[in-house]
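Just so you know, we're using our numbering here: the sequence shown kicks off at 1 and counts up by one.
Backbone N, C-alpha and C define an ideal beta-carbon position, used for all residues, glycine too.
If you're wondering where the values come from, they're calculated on a predicted model, not measured in any experiment.
The block underneath contains the structure these notes are about, expressed in structure tokens.
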Amino acid sequence: MARHHQVDEDASQTAVLIASELVTNSVEHARGPVVLSLSGEGRCGRLRISVTDGGPAEDAGGWLSDRADDEQGRGLMLVEAMTERHGTRRRPGGSRTTHWAELAVDPADRPACAEPLAAR
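Put into structure tokens, the structure is as follows:
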């Protein structure tokens with residue numbers, strides 16, 4: 001990932017953590033399929049991580065139902081703390097939901113792109 005998206009190793013590791021949190025939330029709280037995508041380039045100073053799922057599930061996933069309250073609920077706090085911005089886009093009819101986050105990647109050494117990535 002680091003080479004393809006032109007990001008350094010630290011940003012790559014942060015992106016993996018953010019992707020893991022977003023995918024875990026979709027697996028536990030949504031219907032499938034779950035699709036992970038990355039867009040943007042490090043040369044522009046940011047990387048977008050998106051996870052699209054089949055919309056809210058009727059019941060919590062098995063992993064969540066087996067965990068104590070103090071062992072869960074921190075994922076979105078991590079996403080918020082480690083990214084420049086994040087959000088959710090629900091498609092009409094509730095059939096698909098995309099959770100996304102934009103990660104700054106070494107912005108001091110690279111020129112910023114003209115426009116931020118649009119909320120897709």
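From the listed residues H99, V35, G54 and R31, the smallest Cα separation to T83 is found for H99.
In this chain, the beta strand (DSSP E) harbouring S50 covers R46 to D53. When the beta-carbon positions are compared, S12 and G55 stay at least 8 Å from each other.
DSSP places G87 in the uninterrupted beta strand (DSSP E) bounded by R85 to R90. For A30, there is no enclosing beta strand (DSSP E), as DSSP gives it neither H nor E.
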